[in-house]
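Those sequence lines, one after another, are chains A and B.
Read in the numbering used here, the first sequence has 147 at position 98, and its numbers run on one by one without any break.
Read in the numbering used here, the second sequence has 340 at position 298, and its numbers run on one by one without any break.
A quick write-up on the structure given underneath.
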Amino acid sequence: MRVLLVEDATGLGEAVQEQISEDGHAVDWVQSLGFAETSVRTTTYDLVLLDLMLPDGHGIDFLRKLRQAGNATPVIILTARDQVSDRIDGLNAGADDYLVKPFDLTELSARIAAVARRYRGNPNPVVCVGDLNVNLGDHKVLRNGHSVELTAREWALLEAFIQHPGMLLSRSQLEDRLYEFGAEIESNTIEVYISRLRKKLGKDLIVTVRGMGYRLKTYES
Amino acid sequence: MKARRSLQKTLSIGLTVGVTLLWLMGVTASGLVAQHEMNEVFDSALEETAQRILPLAVTDILSRESGAGQKRAPAMEDHEEYLTYLVRDASGQILLQSHDTDISVFGARPKKGFFDTATHRIYGASAVSDTLFIEVAEPLAHRREAAFEAGLALLLPLLFLIPVSLIGVWWAVRFSLRRVVVFRESLESRGSGDLSSVSVEQLPTEFEPIAASINRLLERLRRALESERSFTANSAHELRTPLATALAKVQRLKTELSEETSLQKACEIEDSLRDLARLSQKLLELAKAEGGGVLSEKAQDLVPILQTIIGDYERLEPGRIDIQVPDTQVNSLLNQDAFAILVRNLVENALKHGDTGAPVRVRLSADGTLSVANRGDIIAPDELALLRNRFVRSKTDALGSGLGLAIVEAIVEGAGVQLALHSPAQGQLDGFEAELNIVINR
Numbered sequence: 050m051r052v053l054l055v056e057d058a059t060g061l062g063e064a065v066q067e068q069i070s071e072d073g074h075a076v077d078w079v080q081s082l083g084f085a086e087t088s089v090r091t092t093t094y095d096l097v098l099l100d101l102m103l104p105d106g107h108g109i110d111f112l113r114k115l116r117q118a119g120n121a122t123p124v125i126i127l128t129a130r131d132q133v134s135d136r137i138d139g140l141n142a143g144a145d146d147y148l149v150k151p152f153d154l155t156e157l158s159a160r161i162a163a164v165a166r167r168y169r170g171n172p173n174p175v176v177c178v179g180d181l182n183v184n185l186g187d188h189k190v191l192r193n194g195h196s197v198e199l200t201a202r203e204w205a206l207l208e209a210f211i212q213h214p215g216m217l218l219s220r221s222q223l224e225d226r227l228y229e230f231g232a233e234i235e236s237n238t239i240e241v242y243i244s245r246l247r248k249k250l251g252k253d254l255i256v257t258v259r260g261m262g263y264r265l266k267t268y269e270s
Numbered sequence: 043m044k045a046r047r048s049l050q051k052t053l054s055i056g057l058t059v060g061v062t063l064l065w066l067m068g069v070t071a072s073g074l075v076a077q078h079e080m081n082e083v084f085d086s087a088l089e090e091t092a093q094r095i096l097p098l099a100v101t102d103i104l105s106r107e108s109g110a111g112q113k114r115a116p117a118m119e120d121h122e123e124y125l126t127y128l129v130r131d132a133s134g135q136i137l138l139q140s141h142d143t144d145i146s147v148f149g150a151r152p153k154k155g156f157f158d159t160a161t162h163r164i165y166g167a168s169a170v171s172d173t174l175f176i177e178v179a180e181p182l183a184h185r186r187e188a189a190f191e192a193g194l195a196l197l198l199p200l201l202f203l204i205p206v207s208l209i210g211v212w213w214a215v216r217f218s219l220r221r222v223v224v225f226r227e228s229l230e231s232r233g234s235g236d237l238s239s240v241s242v243e244q245l246p247t248e249f250e251p252i253a254a255s256i257n258r259l260l261e262r263l264r265r266a267l268e269s270e271r272s273f274t275a276n277s278a279h280e281l282r283t284p285l286a287t288a289l290a291k292v293q294r295l296k297t298e299l300s301e302e303t304s305l306q307k308a309c310e311i312e313d314s315l316r317d318l319a320r321l322s323q324k325l326l327e328l329a330k331a332e333g334g335g336v337l338s339e340k341a342q343d344l345v346p347i348l349q350t351i352i353g354d355y356e357r358l359e360p361g362r363i364d365i366q367v368p369d370t371q372v373n374s375l376l377n378q379d380a381f382a383i384l385v386r387n388l389v390e391n392a393l394k395h396g397d398t399g400a401p402v403r404v405r406l407s408a409d410g411t412l413s414v415a416n417r418g419d420i421i422a423p424d425e426l427a428l429l430r431n432r433f434v435r436s437k438t439d440a441l442g443s444g445l446g447l448a449i450v451e452a453i454v455e456g457a458g459v460q461l462a463l464h465s466p467a468q469g470q471l472d473g474f475e476a477e478l479n480i481v482i483n484r
C-alpha cells in the first residue's frame with residue numbers, strides 16, 4: 050500500500066516509517082500539514098497516518114478538509130491526546146481508527162491491516178485466490194497448503210492486486226504503491242516482481258494486458 | 043486554651059448583665075435621692091408639728107395652772123400615733139404628752155433642734171424664754187419602711203425587665219449576626235472542590251476584611267492547585283511523544299538484534315518504557331479527575347462510551363470481559379472523558395487483580411448502576427478501606443501504579459456520588475466488586 054505518514058516528531062516518524070516499510074508498504078513521510086496537503090493532491094494513497102498536534106495546525110482540520118473534498122482514503126489518527134472526547138471528535142471528523150501514543154509498532158501494523166481490510170469491505174483477513182490462501186493479517190501465503198515465502202515488495206504487489214480484485218492496474222499505479230517519493234525505480238522493476246510472483250504463486254495468477262497493465266485473474270473470498 | 047464561646051451568647055449575657063448593673067446603680071442613686079428628699083419632707087413635717095403644737099401646749103399648760111388642763115392629751119379617736127410629743131420644763135418635769143408617748147424614747151433633759159436616738163428622730167423647740175420645751179418624736183422604722191417601699195417600687199420592674207432585655211439583646215445580636223451565620227453556613231456547605239470566591243456583600247463591615255482575606259486565600263489556593271494540576275497534565279501529555287519515540291525506537295532495535303543478551307536488554311528497556319507510559323497515563327488521568335470539570339453542562343448517553351472503552355479491552359484481551367448494558371439510554375451529567383477514565387481504571391483493576399481464568403463482569407443497569415466485578419481472593423475489610431488511598435495496592439504481584447482507585451475516587455468525589463467496594467463481590471463467594479451509580483442530574 051502507499052501510505053502517507055504525517056508526524057512531526059523526527060524519531061517517531063523514522064521508526065514508524067521503518068516499521069511500515071518493513072510490512073511492505075511504500076511510505077511518504079511529511080512533517081507538516083502543508084506538505085501533507087500537497088502530497089494528497091499529487092498522489093493517491095491507500096492510507097494516511099495522521100498526527101494531530103502539528104507545527105502548522107491541527108490534524109483534525111486537515112482530516113475535515115480531506116473528507117469535504119470527497120477523499121475517502123482511510124485515516125488512522127496517531128495522537129498524544131487520549132480522552133474519549135478527542136477520540137469521538139476524531140472519528141466524527143472522518144477518521145477510521147485512533148491510536149494513542151505511546152503505541153506498539155506491532156499494534157500499528159495490525160491496525161493498518163485491519164483498516165485496509167475494512168476499507169475493502171471485507172473484514173475477513175483470509176482471502177482465497179485460486180489455489181492460494183492469503184492471510185492479510187499476518188502476511189502469510191499458503192499455496193495448496195504449503196507456505197510460500199514472499200519478500201516485502203512481492204507481498205506489497207500481491208496485496209495491491211488482492212485489494213483491487215479484477216481491476217486493471219497500470220505499471221505506474223503499481224510503482225506508486227511500491228515506492229515512496231524519491232525512490233530510485235528501475236524501468237523494468239514491476240516486470241521483475243510480477244515474474245517473481247508468477248514463479249512462486251503460479252504463472253496464470255496475474256494476467257498481462259498488453260500496453261495497459263496487469264490484473265489479478267481470479268478472486269474469491 | 044480557653045474554651046471557645048459563641049459570640050451571640052457572650053454578647054447576650056454580657057449586655058444583659060451590663061444593663062442590669064446599670065439599672066441597679068440607677069435605682070440605688072434614685073433611692074438615695076428619694077430618701078434624702080423624703081427625710082427633708084418628714085423633718086419639715088416634724089418641725090411644723092412641733093411649732094404648731096407648742097403654742098397650744100403653752101396655752102393648755104398655762105390654763106392648767108388655772109385648773110382646766112390635762113397632763114395627757116386625750117385621743118380624739120383610738121389610733122396609732124406616728125408622731126408622739128412630750129412637753130417638759132427645763133428640768134425635765136413632764137408637763138404634757140400625747141396619749142401614746144413612750145417616755146423612754148426621750149432623753150432625761152429636753153434638747154432643741156433635730157437629733158436621732160436609736161429608734162426615733164426627734165425635734166425639740168422651746169417657748170416662754172426656754173422654760174417650756176416640746177419634743178416631737180417620729181419612729182425611724184416608719185421612715186425606713188417608706189424608703190424600703192420606695193426602693194422596692196423602683197426595683198420591681200427589674201424582675202420583668204431583665205428577661206425582656208435578655209430576649210431583646212439576644213434577638214438584636216442574632217439579627218445583627220444573621221449575615222455572618224449565612225456566611226458561615228455558605229462556607230460550611232461548600233464541596234471539597236469548590237474554590238470560588240465567597241460573597242462579601244451584605245456582610246457587616248467588621249467581617250468584610252475576613253471575607254476578603256478568605257477570598258485572597260482561596261484565590262491563591264486555586265492558582266496553586268491549578269498550576270499543580272496543569273503541570274501534572276502538561277508534563278504527562280508532553281511525555282507521550284518522546285515516550286512513543288523511545289518505545290518505537292526500541293521496538294525497531296529489537297528487530298535488528300539477533301544476540302540473545304542484547305535482545306533481552308532491549309526487552310527490559312521496552313518494559314520500563316511501558317511502565318513509564320502507564321504512569322504518565324495515570325498522572326494525566328489523576329490530573330483530569332482532580333481538576334474538577336467531571337460534570338458536563340448537558341446530560342449525555344454514557345452507554346456508547348462504555349461500549350467503546352470495553353471494545354478497546356476486548357481487542358487487547360478477547361473474551362475476558364462479560365458486559366451487559368441496557369437497551370435504553372443512560373443519560374448523565376457525568377463528563378464522558380471522566381466516565382471513560384473511571385471505567386478504564388475499574389476494568390484495568392479487575393483485569394489486573396482478578397483471576398485470569400474468569401471473565402470480568404461489567405454490568406450497567408437502566409437506572410445507571412454500574413458494577414465491575416472480578417473473581418479472585420477476598421480482600422479483608424480494613425484493606426478494602428485502604429485501597430482508596432493513593433499509591434496503595436492490594437497484595438498482588440500484578441503491575442500497577444496504585445493510582446487506579448484513587449483516580450476513580452477523585453472522580454466520584456468530584457461528581458458527588460458514592461463508590462461502594464465489595465469483597466466478596468455481590469452474588470459471588472469470592473472476588474472484588476466496585477459499584478456506583480453514574481446517573482447524575484441537576
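Where a beta carbon is used, it is the ideal one built from N, C-alpha and C, also for glycine.
Just so we're clear, the structure is a prediction, and the values are computed from it rather than from any experiment.
Within chain B, no residue has its beta carbon less than 7 Å from that of Glu229 of chain A; the closest one is some 18 Å off. Listed along chain B are Arg282, Thr283, Leu285, Ala286, each with a C-beta nearer than 8 Å to that of Lys150 of chain A.
Here DSSP, grouped into helix, strand and coil, assigns Thr93 of chain A to coil. The Cβ-Cβ distance between Leu125 of chain B and Ala179 of chain B falls below 9 Å. Beta-bridge analysis with DSSP links Thr411 of chain B to B:Asn479. Residue-level contact check: Gln132 of chain A touches chain B, since one or more beta carbons of chain B fall below 9 Å from its beta carbon.
The beta-carbon separation of Arg417 of chain B and Gly473 of chain B, rounded to 4 Å, stays under the 8 Å limit for a contact. The three-state secondary structure of Arg264 of chain A, taken from DSSP, is strand. Setting aside the 5 residues that flank it on each side, Asp253 of chain A is surrounded in the same chain by Lys266, each with a C-beta closer than 7 Å to its C-beta; the list follows chain order. Boundaries of the alpha helix (DSSP H) around Glu312 of chain B: 302 to 332. In this model, Ile234 of chain A and Gly194 of chain A are separated by some 34 Å (Cα to Cα).
Short of 7 Å from the beta carbon of Val215 of chain B, and not among the five residues preceding or following it, lie these beta carbons of its own chain, in chain order: Gln50, Leu53, Ser54. Exclusion of the five residues before and after Glu261 of chain B leaves no residue of its chain whose Cβ lies closer than 6 Å to its Cβ. Counting C-beta atoms within 10 angstroms of its own C-beta, Leu259 of chain B has fewer than 16 neighbours from the protein chains shown and is therefore classed as exposed.
Ranked by Cα distance from His464 of chain B, the first of B:Ile480, B:Ala392, B:Thr398 is B:Ala392. For Pro181 of chain B, the enclosing beta strand (DSSP E) begins and ends at 174 to 181.
Here DSSP, grouped into helix, strand and coil, assigns Asn276 of chain B to helix. The beta carbon of Arg403 of chain B lies closer than 6 Å to those of Asp364, Ala415 in the same chain, with the five residues before and after it left out.
Note on geometry: alpha-carbon atoms of Leu206 of chain A and Met216 of chain A lie some 14 Å from one another. In the structure shown, the three-state DSSP call for Phe148 of chain B is coil.
Within 10 angstroms of the beta-carbon of Ser207 of chain B lie 16 or more other beta-carbons, which makes it buried. For Gly73 of chain A, no chain B residue has a C-beta closer than 8 Å to its own C-beta; the minimum C-beta separation is roughly 14 Å.
Annotation: Gln212 of chain A has no Cβ neighbours in chain B at a cutoff of 9 Å; minimum Cβ distance is about 23 Å. Within the segment 335 to 355 of chain B, the residues whose Cβ lies closer than 8 Å to any Cβ of chain A are, in chain order, Ile347, Thr350, Ile351. The Cβ atoms of Gly108 of chain A and Thr128 of chain A lie closer than 9 Å to each other. If you look at Asn373 of chain B, you'll find it in the beta strand (DSSP E) that goes 373 to 376. Taking the C-beta atoms as reference points, Val76 of chain A is found nearer than 9 Å to Leu53 of chain A. Linking Ala266 of chain B to Val454 of chain B through their CA atoms gives a straight-line distance of about 23 Å.
A Cβ-Cβ separation of about 6 Å places Ser407 of chain B in contact with Pro368 of chain B under the 8 Å criterion. For Val336 of chain B, same chain residues with a beta-carbon under 6 Å away, outside a window of 5 residues either side, are Asn377, Ala380, Ile453, Gly456, Ala457 in chain order.
Counting C-beta atoms within 10 angstroms of its own C-beta, Val256 of chain A has fewer than 16 neighbours from the protein chains shown and is therefore classed as exposed. One alpha carbon belongs to Glu187 of chain B, the other to Glu79 of chain B, and they sit about 15 Å apart.
Assignment of Val133 of chain A by DSSP, reduced to helix, strand and coil, places it in the helix class.
Cβ neighbours of Ala382 of chain B within its own chain (closer than 8 Å, five residues either side excluded): Ile347, Thr350, Ile351.
DSSP, reduced to helix, strand and coil, places Asn416 of chain B within a strand of the structure shown. Between the beta-carbon of Ala189 of chain B and that of Gln93 of chain B there is about 25 Å, and that puts the pair past the 8 Å contact cut.
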